[in-house]
Structures are given as structure tokens and as C-alpha cells.
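Peer 1: Protein chains in written order, with our numbering: chain E, 35 to 159; chain V, 39 to 336.
(1) Looking only at C-alpha atoms, which of E:72, E:77, E:110 sits nearest to residue 58 of chain E?
(2) Would you mind sorting residue 177 of chain E into buried or exposed? The rule is 16 or more other CB atoms within 10 Å of its CB.
(3) Measuring alpha carbon to alpha carbon, tell me which residue in V:188, V:167, V:200, V:157 is nearest residue 177 of chain V.
(4) Between which two residues does the beta strand (DSSP E) containing residue 63 of chain E stretch?
(5) Assess contact between the stretch 162-178 of chain V and the stretch 128-144 of chain V, defined as three or more Cβ pairs (one per stretch) separated by less than 8 Å. Is contact present?
(6) Touch check for the stretch 59-70 of chain V and the stretch 234-243 of chain V: three-plus C-beta pairs under 8 Å?
(7) If contacts are defined as beta-carbon pairs under 8 Å, then residue 263 of chain V and residue 322 of chain V qualify, I think. What distance do you get, rounded to the angstrom?
(8) To the nearest angstrom, how far is the alpha carbon of residue 269 of chain V from that of residue 284 of chain V?
(9) To the nearest angstrom, how far is it from the Cα of residue 105 of chain E to the Cα of residue 72 of chain E?
(10) For the candidate residues V:309, V:77, V:175, whose alpha-carbon lies nearest to that of residue 345 of chain V?
(11) Out of E:132, E:139, E:87, E:48, state which residue places its alpha-carbon closest to the alpha-carbon of residue 149 of chain E.
(12) I'd like the span of the alpha helix (DSSP H) that includes residue 81 of chain V, first residue to last.
(13) For the putative contact between residue 59 of chain V and residue 247 of chain V, defined by C-beta atoms under 8 Å, what is the C-beta separation to the nearest angstrom?
(14) Could you name the residues that DSSP lists as bridge partners for residue 66 of chain V?
(15) Just mark residue 51 of chain E as buried or exposed, buried being the case when its beta carbon has 16 or more other beta carbons within 10 Å.
(16) So, is the C-beta of residue 217 of chain V closer than 8 Å to a C-beta in chain E?
(17) Verify the CB distance criterion: does residue 45 of chain E have a CB-CB separation below 8 Å to chain V?
(18) Should residue 98 of chain V and residue 57 of chain V be called a contact, given that it needs their Cβ atoms to be closer than 8 Å?
(19) Which residues in chain V have a C-beta closer than 7 Å to the C-beta of residue 78 of chain E? List them in chain order.
(20) Count the other CB atoms within 10 Å of the CB of residue 128 of chain E; is the residue buried (16 or more) or exposed (fewer)?
(21) Could you work out which residue in V:265, V:298, V:278, V:330 is closest to residue 316 of chain V when comparing CA atoms only?
(22) Tell me whether residue 335 of chain V sits in a helix, a strand or coil according to DSSP, three-state version.
(23) Below 8 Å on the Cβ atoms is my contact criterion, and I expect residue 142 of chain V with residue 148 of chain V to pass it. Report the Cβ-Cβ distance as a whole number of Å.
(24) Is residue 140 of chain E close to chain V? Criterion is C-beta to C-beta, closer than 8 Å.
(25) So, is the C-beta of residue 16 of chain V closer than 8 Å to a C-beta in chain E?
(26) Give the interface partners of residue 259 of chain V over in chain E, defined as CB-CB distance under 7 Å, in chain order.
(27) Which first and last residues belong to the alpha helix (DSSP H) in which residue 199 of chain V is found?
(28) Between residue 335 of chain V and the rest of its own chain, which residues show a CB-CB distance below 6 Å, the 5 nearest in sequence each way excluded?
(29) If you compare alpha carbons, which of V:209, V:190, V:189 is closest to residue 179 of chain V?
(30) With DSSP run on the structure shown, which of helix, strand or coil describes residue 43 of chain E?
(31) Which of helix, strand or coil does DSSP assign to residue 155 of chain E?
(32) Straight-line CA distance for residue 129 of chain V to residue 137 of chain V?
(33) Tell me which same chain residues have a C-beta within less than 6 Å of the C-beta of residue 69 of chain E, skipping the five on either side of it?
(34) Taking all protein chains shown into account, do 16 or more other C-beta atoms lie within 10 angstroms of the C-beta of residue 89 of chain E, making it buried, or fewer, making it exposed?
(35) Helix, strand or coil: how does DSSP classify residue 57 of chain E here?
(36) Would you list, in sequence order, the uninterrupted alpha helix (DSSP H) runs of no fewer than 4 residues that lie entirely inside the stretch 220-295 of chain V?
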């Protein structure tokens with residue numbers, strides 16, 4: 035199993051699962067129509083509490099990334115490929131970056147300048 | 039929500055020592071509940087009382103809806119509650135198979151398929167006498183015997199002590215698979231905090247016979263945070279009095295606070311103080327444990 039749990043992380047395990055599954059869906063490692071392992075299978079495989087797995091699935095379902103069909107399992111929807119979700123996720127990441135930089139005493143303008151410089155370096159490479 | 043265990047104000051004295059000093063414990067049905075605490079905190083005393091193996095001196099306790107203090111109900115309860123500890127008492131002159139046959143006859147709900155799975159997984163020598171098993175093997179057999187009757191409530195005292203990491207994983211995998219498939223409740227006392235973080239959805243930290251913190255593990259991790267604060271020169275803010283602050287320690291020229299509200303109280307209070315630097319960090323269960331147990335120590 036490619037999912038890795040770090041119990042020492044302060045991030046609750048259900049959120050660690052959510053982040054990794056979202057990444058897998060966004061990158062196309064999991065595609066629309068793919069079936070996720072069952073709660074029991076994941077609990078056994080990762081030795082993680084079944085309620086924690088269910089909570090992760092509920093979170094993904096709320097975001098529209100998966101849908102569960104009664105008695106058949108949990109499936110990846112097409113939402114992640116539809117751009118809207120990726121845009122929202124992109125917005126969240128940028129906001130977090132800016133917020134963390136602010137705590138270090140840098141404003142949004144500093145972040146923009148630093149990102150420009152990075153982009154410049156990438157172009158000359 | 040229904041509760042597998044509902045205990046209020048439990049007191050247990052051993053001579054002049056109060057092993058339990060008003061312990062409250064709420065274990066919802068279907069949860070895997072971690073009972074944490076330093077040595078001598080009262081974990082084993084609590085488990086024994088909940089099993090009906092010892093009487094409490096005060097308090098009320100309901101286990102699976104039954105008054106656990108009522109000796110007339112103890113047999114009924116014993117049939118629905120499983121128990122295993124790392125120092126299980128087995129019959130030294132009986133083999134592994136003998137133990138299984140013995141228990142199988144006692145419980146109508148015995149699940150031989152599950153027992154077989156456990157035996158294969160641990161590769162236990164089935165014809166060896168229990169007296170000749172290693173400590174780890176005795177623990178494994180104890181676990182299999184406790185799981186066999188598919189109890190509605192399973193109490194485990196240091197279940198994976200003496201197991202190597204591979205066996206520990208294997209055991210937890212079987213246990214959690216069972217919980218996922220059948221929805222039983224597990225209460226386990228453990229010092230293995232990393233393991234508890236993976237497998238439990240609720241915990242209680244017991245210290246000096248009382249629960250000093252308890253609740254959902256995710257909620258605990260989202261609300262218990264460390265906040266590092268550097269105050270502007272000459273500031274006389276009393277950090278300990280800010281909302282949500284559990285403890286304050288000096289850290290260089292700044293402070294490290296432990297908070298129980300995710301850091302919101304401190305952030306709001308210090309947001310108005312110009313020049314104050316506030317940085318919120320996550321805590322592990324071990325950090326939370328050490329704060330809770332360390333802070334009452336004189």
C-alpha cells in the first residue's frame with residue numbers, strides 16, 4: 035500500500051489519509067470510476083482504526099471526490115478532473131503558503147517576488 | 039450514542055493508597071479506546087474492576103448496560119466481555135490445542151475460523167505445552183483465546199507487550215479487521231503511544247487514579263497545540279491567564295505554551311499586541327501525555 039501514516043505527526047490520521055488520497059486523485063494515480071479499498075481492508079492494511087477510515091471517506095465524499103454506492107463500495111468521481119476542485123485546492127495551498135510566510139514576518143508581496151525569482155531560475159535552466 | 043462502559047467517580051483503595059480517586063470513564067460502543075497513564079496510575083486496577091474481578095470502594099459503573107458491581111450479574115457479563123493481558127494465566131501442562139478446545143466448549147459464540155486465522159498468523163506450535171511457550175507466544179495465545187468468543191467488549195492490558203514489530207502489526211491488523219467487520223468495542227491499556235495513535239479513536243490519560251484528559255483522539259490533536267510566543271520588550275502580559283492556556287514554559291527569550299483550544303485564545307489576545315510573534319505547532323500524543331502527567335507532579 036502506498037499510503038503512509040505518520041502517527042508522530044500532529045495532523046490527525048484521518049486528515050493524513052484525506053491529503054494523500056486527494057493527491058492520488060489529483061495526480062491521476064486514482065481515476066474516475068476506480069474503487070477504493072473497503073474500510074475493513076484499509077484498517078487491516080494500515081492498522082488504523084476503522085472509524086478513522088470512515089471519517090476520511092466521509093470527508094472525501096463531502097468534497098465530491100468519491101461517492102459510496104450502497105453495498106458496492108466507494109468510487110472515485112470525475113470531480114477532480116473537472117478543474118473546479120483543482121482550482122479550489124490550488125487556492126487553499128496558496129493561502130496556506132502566504133499565511134505561514136506572514137508568521138515569519140513576510141508579506142504577500144515578498145512571496146510574489148520570491149516566486150517570480152524561482153520561476154526565472156526555472157526558465158534559465 | 040450508546041456506551042459500552044459508563045463509569046463515574048470510581049474509587050479503589052489498597053490499604054492507605056487510593057489507586058483510583060474518582061475515575062470517570064465513558065467508552066462509546068464501537069470505539070477502540072486507549073487507556074493511557076504512567077506506571078501505577080490505576081489502569082490495571084480500573085480494568086480489573088470493570089471486569090468484576092475486584093470491587094470498587096465507591097462510584098457507579100455500567101458495562102454493556104449491566105451494573106458491573108452487582109455480583110449476581112457477573113457471570114452474564116463474563117460471557118460477553120473478553121480479557122487478555124501480557125501476563126495471562128494459562129495451564130502450563132496443557133497444550134495450545136488443549137486450551138482452544140477447552141475454551142471452545144465454554145462459549146456458544148466461539149468463532150473457530152477467526153481462531154484458526156490467529157493461529158496461522160502467529161504460527162503457534164499447537165502441540166506444545168503452554169509451560170514451554172515463550173512469553174511472546176503465551177501473549178499471542180491469550181489474545182486468540184480472548185478473541186475466540188467474539189466478545190461484545192474486549193479489554194486488553196498491554197496487549198502487544200512482548201511482541202516483535204511484525205507480530206504487533208499482524209495482531210493489530212486482525213483486531214481492527216474484527217472491529218471493522220463486527221463493530222465490537224475494545225478498551226486497551228497501553229504504553230505504546232505510537233500504536234495507540236494508529237489504532238484508537240478515543241483515549242483517556244489517567245494520572246493518580248483520575249482521568250486528566252479524555253476524548254476523541256482527532257479532536258485532542260486538533261485542540262491541543264503548542265504555541266510559541268515572543269513578546270515585545272518590556273511587555274508584562276500574563277500568558278498563563280490567557281484563554282485556553284494549559285501550561286507555560288520559558289523557551290529562550292520567548293515562551294512555549296500548551297493550549298487546549300487550538301491556539302485561538304492566545305492568537306486573538308496577542309493579535310492586538312504589536313510586535314508579538316505567535317506560532318502554533320502540532321503536538322503528538324506523547325507530547326500531550328507528558329504535559330498532562332508532568333504538570334501535576336510537584
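Note that beta-carbon positions come from the ideal geometry of N, C-alpha and C, so glycine has one too.
This structure is a prediction, so every number in the text was calculated from the model and none was measured.
Peer 2: In short, the structure shows the following:
(1) It is E:110.
(2) With chain E covering only 35 through 159, there is no way to say anything about residue 177 of chain E.
(3) Residue nearest to residue 177 of chain V within the set V:188, V:167, V:200, V:157 is V:200 (criterion: CA-CA distance).
(4) For residue 63 of chain E, no beta strand (DSSP E) encloses it, and the DSSP letter there is neither H nor E.
(5) As far as the Cβ criterion goes, the stretch 162-178 of chain V touches the stretch 128-144 of chain V, which means the pair count is three or higher.
(6) Touching, yes.
(7) Actually they do not touch by this definition, with Cβ atoms about 11 Å apart.
(8) C-alpha separation (whole angstroms): 18 Å.
(9) It is roughly 11 Å from the alpha-carbon of residue 105 of chain E to the alpha-carbon of residue 72 of chain E.
(10) Lying before the first or after the last residue shown, residue 345 of chain V is absent from chain V, which here runs from 39 to 336.
(11) Minimum Cα distance to residue 149 of chain E is reached at E:132.
(12) For residue 81 of chain V, the enclosing alpha helix (DSSP H) covers residues 81-88.
(13) Residue 247 of chain V and residue 59 of chain V do touch by the CB rule: their CB atoms are close to 4 Å apart, below 8 Å.
(14) Its beta-bridge partners are V:41.
(15) Here residue 51 of chain E is buried, its C-beta having at least 16 other C-beta atoms within 10 Å.
(16) The Cβ of residue 217 of chain V sits closer than 8 Å to at least one Cβ of chain E.
(17) Output row for residue 45 of chain E: interface = yes.
(18) No, the Cβ-Cβ distance between residue 98 of chain V and residue 57 of chain V is not below 8 Å.
(19) Correct list: 211, 214, 215.
(20) Flag for residue 128 of chain E reads exposed.
(21) Residue 316 of chain V has its Cα closest to that of V:265, out of V:265, V:298, V:278, V:330.
(22) Residue confidence is low: residue 335 of chain V scores 47 on pLDDT, short of 50, so the model does not pin down where it sits. Its coordinate-derived value is still stated next. Looking at residue 335 of chain V - three-state DSSP - the assignment turns out to be coil, as it is neither helix nor strand.
(23) In this structure, residue 142 of chain V and residue 148 of chain V form a Cβ contact; the two beta carbons are roughly 5 Å apart against a cut-off of 8 Å.
(24) With its beta carbon at least 8 Å from every one in chain V, residue 140 of chain E lies outside the interface.
(25) Because chain V spans 39 through 336 in this model, residue 16 of chain V falls outside it and cannot be assessed.
(26) Correct list: 44, 46.
(27) Under the DSSP assignment, residue 199 of chain V falls outside any alpha helix (DSSP H); it carries neither an H nor an E label.
(28) At residue 335 of chain V the pLDDT is 47, less than 50, meaning the model places this residue with poor confidence; the figure from the coordinates comes in the next sentence. Within the same chain, no Cβ atom closer than 6 Å to the Cβ of residue 335 of chain V is found once the five residues on either side in sequence are excluded.
(29) Nearest C-alpha to residue 179 of chain V: V:209.
(30) Coil at residue 43 of chain E, not helix or strand.
(31) DSSP places residue 155 of chain E in helix when its eight states are reduced to three.
(32) The straight-line gap separating the alpha-carbon atoms of residue 129 of chain V and residue 137 of chain V is approximately 8 Å.
(33) Answer for residue 69 of chain E: 107, 109, listed in chain order.
(34) Label assigned to residue 89 of chain E: buried.
(35) Correct three-state label for residue 57 of chain E: helix.
(36) DSSP runs (the alpha helix (DSSP H)) wholly in the stretch 220-295 of chain V: 231-237, 255-261.
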